[in-house]
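Undergrad: Here you go, one structure.
Chains as they are written, first to last, in my numbering: chain E, 2 to 455; chain C, 2 to 455.
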């Protein structure tokens, strides 16, 4: 039986980052990473394996950083454990001093009649499965996607690129329901302009066909013919290991952890999609599953395995993410207006539109829209949504840093940022600042008399 | 004689932003903006008028935001003042309650023999002058640029795009001397690959020709033939108005102002390039002149004209800027390593390289390099330099927000950011975080025994 100082279960971004962080912090300790998938996928790259990338193999999370840091890798599945000993499906037994569970999440298959027909696929994080799906896509012409969240829309965008007839069916009234309506409407416009069909406010009640899928039936009785159905209805945390290991977990929410990602058992941590998360502002349970969040948790746990080196009062998940549909990028961090309303957060909205180059006649210029949600009384920035060109990917990270630092309207108003004709909006219309100014104007318009007290 | 509540002198980004901010904050006040240039240029867009933009008119700072906010505009020059009355060159007299000077800066003409020859140009912020230069560029083939800072390099890049034979002469050992050597070396590589010639560590002692420029002579005696010389040796603050108005100023540094940009005289403010500035970390005089800094000052003064509404302990200038040379973007915020060394700031460097898409085989992927300068004892991020694809423009703004918020290595290490295959680097190699990890590893590698105390 081999003994390791640190055992990490799971080869996705959380597990890999945690292993690297552990080796950085404790170079003398031996670390092993046990994973089910010998060729783990880059999770957010999966939609792009269907058309943009030539091969699914182009989307493998490479082993070189692990090997360079001398992290051992075992390709096997965890079956059970006894105290500090783990049994693997390959028959090996392994002892640990510290254990990190980074078991990830799995695609949800909704309870729909006909979901076991040939030609019905989930968006799984498994190389062989995706190779199969890619092959099936090539042979299909009419494709229905169930679920118009980020992944569903990304998959639709990919399939449109390869000339397929694509229909998205989404239960909510707009696409990307994690963002406010105006952003979903824009996503819908982009997909439509590229030839996609969108059915919102409807669900699929039945998948029809003999052995092979032939059509889907909606809740209003309408039928959509198709030869392939891709189901993208979200993911749920893998809690099987917690069950096996007798750790506290909540079905659907994940493994329960404290501020330092420690489970109910000393020396056992859980990170990434399999660990339960809470919202940054509202503290409610959060089903946001993001590689970047998983990675932040992996880094923290990697540093803190043997003693708490990095202090962190758990702030909850901001849920910063971005995507690109057609030629338009979309991104969000923190609270949107819909959720602010629903959770009774008193808020003030600031809006701005600009062109992301200046002057606007420069090549590559694209319109960018910023919507900010501020706390009306405490003045903190609580959330940001953006759509525009590719710079949106880092713009949302700047906004995320602002939210994390509890910046207020006035902090942002006196911000020192850089602008350049070929790279950003003009300083005069820089949309993050102008959206803040817009909010400030709403705050103070009711009290113009204050200026009389000069 | 007309009386205005607020008089702003200067129609550049500082003046315009201040006028808009004043109208937002004090909608009942009447505001006039007096400007010398009736068609003011977008300053940072000027290099792109030479080739990328069809016409110099495409680079005009438009009046529509001012007109929409009901700011009056007078195209005239300020000549003198008596108390609270200003005399203009068009004969008008104007009374003010609050006065803001946003007179900008002017291109420096070095003391070189032959600088008055035909075919010798500065990079002035004047439409007619630039139209003339653009015309001259069309007629020229061999062009020498004196000065390899941002603007010189941007002009070189533009002229190369239109097929000219371009030589840059820069006194320092590398181009863009405000950045560390490795970035200047990369800029040199980009310019060379596009056919430009670069002479560093040399200066021009003489411009040769009868009436019209024919060549330049370097300090080592070498001669470079040319039919056009563009001089880009920096800018100096316009302090003529301060002189006329009997306000405190320092030659070469600018009009002296306090934390709230108030001059030596009550009710008179100075903002933008014409106001003296100090460095964020070292407090030394800073000659950084940026539209984005000017704009931040404009917004502050606009709000604070009649009472201090926005509290701001003056933090000094970070000097956040970005540019794009060929297909590579460069950016800096805060302290670079050279200056950290020179000013005896105890520092630790973190480096990271990554690809700005993931997987790296996605179209448009470009290498990005991040160099961070941390304070060794206080652990604050003091400076950041980046080069890579176009996302660098907003990446540097995120870094600027981090510096302004005094974020430490550990704050950055536990950051929640978003990543997307089509927009950013992979979360596992996200370069801002990995450069921070690199610095952390250097800090702690000397004390591996700490981990024994578990």
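Glycine included, every Cβ here is placed at the ideal spot set by N, Cα and C. Keep in mind it's a predicted model, so treat the numbers as computed, not measured.
Report all residues from its chain with a CB closer than 8 Å to the CB of residue 165 (chain E); omit the five preceding and five following residues, and keep chain order.
TA: 138, 141, 142, 143, 144
Undergrad: For a contact meaning CB atoms closer than 8 Å, what does residue 94 (chain C) contact in chain E?
TA: Here the premise fails: no neighbours, minimum Cβ distance about 24 Å.
Undergrad: Verify whether the separation of the beta carbon atoms of residue 114 (chain E) and residue 148 (chain E) is less than 9 Å.
TA: no
Undergrad: How long is the line joining the alpha carbons of residue 331 (chain C) and residue 349 (chain C), rounded to whole angstroms?
TA: 21 Å
Undergrad: Pull up the distance between the alpha-carbon of residue 441 (chain C) and that of residue 351 (chain C), whole angstroms please.
TA: 8 Å
Undergrad: Please return the same chain residues whose Cβ sits closer than 8 Å to the Cβ of residue 244 (chain E), not counting the five positions on each side in sequence.
TA: 250
Undergrad: Taking the C-alpha atoms as reference points, what is the distance between residue 82 (chain E) and residue 274 (chain E)?
TA: 22 Å
Undergrad: Please look up how many angstroms separate the CB atoms of residue 302 (chain E) and residue 281 (chain E), rounded, as I've assumed it's under 8 Å.
TA: No, residue 302 (chain E) and residue 281 (chain E) are not in contact; Cβ-Cβ is about 19 Å, not under 8 Å.
Undergrad: Checking 9 Å against the spacing of the C-beta atoms, do residue 333 (chain C) and residue 368 (chain C) come in under that value?
TA: no
Undergrad: Under a three-way DSSP split, which group does residue 247 (chain C) fall into?
TA: coil
Undergrad: Looking only at its own chain, which residues have a Cβ that is under 6 Å from the Cβ of residue 317 (chain C), when we skip the five neighbours before and after it?
TA: 279, 280, 281
Undergrad: Taking beta-carbon pairs under 7 Å, can you tell me which members of the region 408-441 of chain C lie near chain E?
TA: 411, 414, 415, 416, 417, 418, 419, 420, 421, 422, 423, 424, 425, 427, 428, 429, 438
Undergrad: Considering only C-alpha positions, which residue in the set C:87, C:73, C:72 is nearest to residue 79 (chain C)?
TA: Cα-wise, what sits closest to residue 79 (chain C) is C:87.
Undergrad: Tell me which residues of the region 307-332 of chain E have at least one Cβ-Cβ distance to chain C shorter than 9 Å, keeping chain order.
TA: 307, 308, 310, 311, 312, 313, 316, 318, 319, 320, 321, 322, 323, 324, 325, 330, 332
Undergrad: Report all residues from its chain with a CB closer than 8 Å to the CB of residue 206 (chain E); omit the five preceding and five following residues, and keep chain order.
TA: 113, 114, 218, 219, 220
Undergrad: What is the DSSP secondary structure of residue 14 (chain C), reduced to helix, strand or coil?
TA: Helix at residue 14 (chain C).
Undergrad: Only counting the same chain, and skipping five residues up and downstream in sequence, which positions put a Cβ closer than 8 Å to that of residue 488 (chain C)?
TA: As shown, chain C starts at 2 and ends at 455. That puts residue 488 (chain C) outside it, with no answer to give.
Undergrad: Can you name, in chain order, every residue of its own chain whose Cβ lies under 6 Å from the Cβ of residue 70 (chain C), other than the five neighbours on each side?
TA: 21, 24
Undergrad: Looking at chain E, is there any beta carbon in it that lies within less than 9 Å of the beta carbon of residue 365 (chain C)?
TA: yes
Undergrad: Quick one: which chain C residues come within Cβ less than 7 Å of residue 111 (chain E)?
TA: Chain C residues near residue 111 (chain E): none, gap ~26 Å exceeds 7 Å.
Undergrad: In the region 77-147 of chain E, which residue ranges form an unbroken alpha helix (DSSP H) of at least 4 residues, counting only runs that do not cross its ends?
TA: 128-140
Undergrad: DSSP on residue 339 (chain C), reduced to helix/strand/coil?
TA: helix
Undergrad: Run through DSSP, which three-state label would residue 290 (chain C) get?
TA: coil
Undergrad: Consider the Cβ of residue 174 (chain C): report whether some Cβ of chain E lies at a distance smaller than 9 Å.
TA: no
Undergrad: Do residue 420 (chain C) and residue 293 (chain E) have their beta-carbon atoms positioned less than 9 Å apart in this structure?
TA: yes
Undergrad: Determine the extent of the beta strand (DSSP E) in which residue 438 (chain E) is found, giving its start and end residues.
TA: Taken as a continuous stretch (DSSP letters only), residue 438 (chain E) belongs to no beta strand (DSSP E), being part of the alpha helix (DSSP H) at 432-445.
Undergrad: Answer with buried or exposed for residue 286 (chain C), where buried requires no fewer than 16 other C-beta atoms within 10 angstroms of its C-beta.
TA: Exposed is the call here.
Undergrad: Going along the chain, which unbroken runs of the beta strand (DSSP E) with 3 or more residues stay wholly within the region 19-57 of chain C?
TA: 32-36
Undergrad: Identify, in the order they occur along the chain, each residue of the same chain with its Cβ nearer than 7 Å to the Cβ of residue 262 (chain C), setting aside the five sequence neighbours on each side.
TA: 270, 271, 272, 276, 298, 301, 302
Undergrad: With a threshold of 8 Å, establish whether the CB of residue 385 (chain E) neighbours any heavy atom of the ligand PLP.
TA: Questions concerning the ligand PLP fall outside what the structure shown contains, since it holds no ligand whatsoever.
Undergrad: Hey, out of E:358, E:100, E:403, whose CA is closest to residue 391 (chain C)'s CA?
TA: E:358
Undergrad: Just grab the DSSP bridge partners of residue 388 (chain C) for me.
TA: C:331, C:370.
Undergrad: Below 9 Å on C-beta distance, what does residue 49 (chain C) contact in chain E?
TA: Near residue 49 (chain C) (Cβ distances below 9 Å), the residues of chain E are 360, 363, 422, 423.
Undergrad: In whole angstroms, what is the alpha-carbon distance linking residue 379 (chain E) and residue 410 (chain E)?
TA: 10 Å
Undergrad: From this set, E:233, E:406, E:393, which residue's C-alpha is nearest residue 48 (chain E)'s C-alpha?
TA: E:233
Undergrad: What span of residues does the alpha helix (DSSP H) with residue 237 (chain E) cover, start to end?
TA: Taken as a continuous stretch (DSSP letters only), residue 237 (chain E) belongs to no alpha helix (DSSP H), being part of the beta strand (DSSP E) at 236-238.
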